[in-house]
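For what it's worth, our numbering labels the leading residue of the sequence shown as 25, then goes sequentially. Every residue gets a Cβ at the ideal spot worked out from N, C-alpha and C, and that includes glycine. Before any comments, here is the structure.
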Amino acid sequence: MGLHPDSDYPFESFRHMMKKKSTGNRWNAAHEKVIDTIDEKRDEIVQVCQDLVRYDTTNREEDAQRYVERFLQEMGMETDVFEPDNERLKIYADYGPGNDYEGKPNVVGLLKGRNGGRSLILNAHIDTVSAEPLYDWKYNPFKGEVHGNSIYGRGTADDKGDLAAILMAVRGLHNLHIQLKGDLIVESVVGEETDGNGTLSCCDRGYRADAAIVVDSIDPIDSIVVAQAGVTYFKLKVTGQSAHLCHKFTPLEGVSAIDKMRVFLNDLEEFQKERLSYRDPQYHLKVPIIGVTQIDGGSVHSRSSFPQVCSIEVEYDYFASELGSAKNDLPIRRAIERRIRAIERSDAWLRNHPSSIEWLASILPTTITREHPIIQTLSTSIEHVYNKPKLIPITTSTDARHFEHVVNTPVVSWSCGGSNAHGIDESIDIDDLIMGTKIIALTIMDWCGCFE
C-alpha cells in the first residue's frame, strides 16, 4: 500500500496540507471544488465499492455489469453492452482461446465532449479470481466489510475498488455540472483474469482514444507503469519407450519420458540463470521469469512401467526490446525452439525422438515513452493529491497491451492500490480509494479539458 498521513495528522488536516501544495498553473477553483466534492462523498465511494464486491463475479459477471450500466446511464452516458465474440477475436495475436463469454458482457460508457478536446479511455475489469478456500477468510469475501480503515473482500484490490473510483470520479464531475471538451470512455470489462478478451473485444469494436489508463491493481498509488513484459506460453511433450521397470538394465530396457524431460528442466534452470545478467536497455526491467507451471507424466496402465509420455507447460517472459521490429512474438518462439533443438542434439535418445512444441498463448509487451503527455497529466494529478509519482516497469501484464497493439492508443497502467490481490482477506485502504478517486477526476478534467 501507499504511504498514509502521519498518525499525528487527522485525514482532513492532511487533505488541506495537500491542497496548499497544489499551486501549479492549472490549479483553480474547479479543481478545488472537485476535491471537496469527493471528500464529501467518502461514504458513498465506500458504498459503491461494497456494492461491487457483493456481486460474486467469478465467471458470472452479468448482474454486476447491469449495476455498472445503470450507474453510467444515470450520469447521462451512452452505454454499449456486448459479449466478446471469440470468432471475431481469433485474428489477433493476443487472442486467448478456450473461454465462453455467453452471459459475460462488457459495459462501455461514452460521454461525448463538447468542443473537440483530447479523448480518454478509463479501463477496469469486473471479473475476479475465485475466493476459494472460503474457510481461510477472516472476513466474508462477498460482503465488503469495513474494518479499521480498509474494505475487505474479493476484488477490493483487483479490481473493484478501482472501478468504484472511476465511477465516483465521473459522478463527482457530473454532479458539479462540469462539461468536458473531449470524449470520455469508461470500460468495465470481463475476462481480464483469464485471457484479456474483454478489453480486446472493446478494441475490436472500435473504441480508441488519444490516451488510455488501465486502472488495475498497481501498488502503491504513486506508481505509474510505463513498461510491461511480454509472455509466451508453450507446452513441451517428450516421448519415451514404455517397458516394465524390471527391464531397466536389460536389452529390453525402456526409456522414461520423465527422465528425458529432466534434460529440458535442467536446461531451463540454466537458461534462467543466463538471463539474470540481462537488463532491458530502455526500461531496465528486472530479469523476466522462465517458469514451469504444469507437469504431466507417468504410465496410465501400470505403476511398474516406464512412462511413455511426459509434458510440461512453461511461461516464458520477455522484454519488448527482444522483439525488434516484429509485431508478434514469433522471434521469441523461434529463439525458444532453437534452444530446445540444441538440447536434443546433445542427447542420444532425443536426437532420434525430438520433442513436440505446442504454442498455447501470447501476451505482447507494452511500452510508452516517459515524456508522453498522458504521463505528465496523470503525474501532476498524483502529485497534487498525494506525492511525486514514480515511473516503473513491471514484469507482469495488464490489459494495456491491447490498446497499444490493436488500436494504437498510448496507454499506461495505474491504480488506487490495494493489499493481497488474489489472496485471502484481500483489501483496499479507504484513504487510498478516496485519493485515487480524486486523481482520476483531476486527470479527466486536465486531459479532456473542461468548461469552467
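Does residue i pass the burial test, meaning 16 or more other C-beta atoms within 10 Å, or should it be called exposed?
i    : result
H308 : exposed
P108 : buried
Y116 : buried
P129 : buried
R142 : buried
E126 : exposed
L158 : exposed
A53  : exposed
A181 : buried
F106 : exposed
L300 : exposed
E93  : buried
N290 : exposed
P331 : buried
P165 : buried
A366 : exposed
E85  : buried
D151 : buried
D13  : Because the chain spans 25 through 476 in this model, residue 13 falls outside it and cannot be assessed.
N9   : The shown model of the chain, from 25 to 476, leaves out residue 9, and the question about it has no answer.
D124 : exposed
G172 : exposed
Please go through the same chain and pick out, in chain order, the residues whose beta-carbon is closer than 7 Å to the beta-carbon of residue i, but skip the five residues on each side of it.
i    : result
G48  : Residue confidence is low: G48 scores 41 on pLDDT, short of 50, so the model does not pin down where it sits. Its coordinate-derived value is still stated next. Same-chain partners within the cutoff: T404.
D449 : W161, K162, Y163 and Y176
C227 : H426, F427, V430 and V431
L113 : Y119, N221, L224, S225 and D228
T401 : T467, D470 and W471
Less than 6 Å between C-beta atoms, sequence neighbours within five positions excluded: which residues of the same chain meet that for residue i?
i    : result
K45  : For K45, the predicted structure reports a pLDDT of 40, less than 50, and the residue's modelled location is therefore unreliable. The matter cannot be settled from this model.
L135 : M101 and L208
I406 : D246, P413 and I463
I319 : I336
P312 : A253, D341, Y342 and T419
H446 : V153
V333 : T263 and A281
M285 : V262 and C334
D104 : V132
Hey, residue i and residue j: beta-carbon distance below 8 Å or not?
i    : j    : result
P417 : V250 : yes
M477 : R195 : The shown model of the chain, from 25 to 476, leaves out residue 477, and the question about it has no answer.
T263 : A235 : no
V153 : T223 : no
G441 : I452 : yes
R357 : T256 : yes
V210 : G133 : yes
G168 : V77  : yes
C474 : K297 : no
I248 : L388 : no
S478 : T422 : The structure shown does not extend to residue 478, since the chain spans only 25 to 476, so no value can be given for it.
T461 : A189 : yes
I392 : P434 : yes
R178 : A193 : no
S345 : D371 : no
E382 : R375 : no
L535 : H408 : In the structure displayed, the chain extends from 25 to 476; residue 535 sits before or after that span and is not available.
Please report the Cβ distance between residue i and residue j, rounded to the nearest whole angstrom; I am assuming they are in contact, meaning their Cβ atoms lie under 8 Å.
i    : j    : result
H149 : D118 : The pair is not a contact, with the Cβ atoms about 15 Å apart (cut-off 8 Å).
S379 : K259 : With 8 Å as the limit, S379 and K259 do not qualify as a contact, their Cβ atoms being about 10 Å apart.
W471 : I399 : Contact flag wrong, Cβ pair sits at about 11 Å.
A233 : L96  : The Cβ separation is near 16 Å, so there is no contact.
S439 : S174 : Going by Cβ atoms, the distance from S439 to S174 rounds to 15 Å, so no, they are not a contact pair.
D75  : Y91  : 7 Å
T317 : E293 : Contact doesn't hold; Cβ gap of about 15 Å is too wide.
T390 : A424 : 5 Å
V58  : L200 : 7 Å
S329 : S266 : 5 Å
Could you pull out every residue in the same chain whose Cβ sits closer than 8 Å to the Cβ of residue i, ignoring the five residues on either side in sequence?
i    : result
F295 : I314 and R363
I458 : I62, D63, R66 and I69
H198 : M99 and G100
Verify the CB distance criterion: does residue i have a CB-CB separation below 8 Å to chain B?
i    : result
K297 : Reference to chain B is not applicable here, since this structure consists of a single protein chain.
- Query: Three or more C-beta pairs closer than 8 Å, one from the stretch 212-220 and one from the stretch 342-354: is that the case here?
  - Reply: Fewer than three beta-carbon pairs drawn from the stretch 212-220 and the stretch 342-354 are found closer than 8 Å, and the two stretches are therefore not classed as touching.
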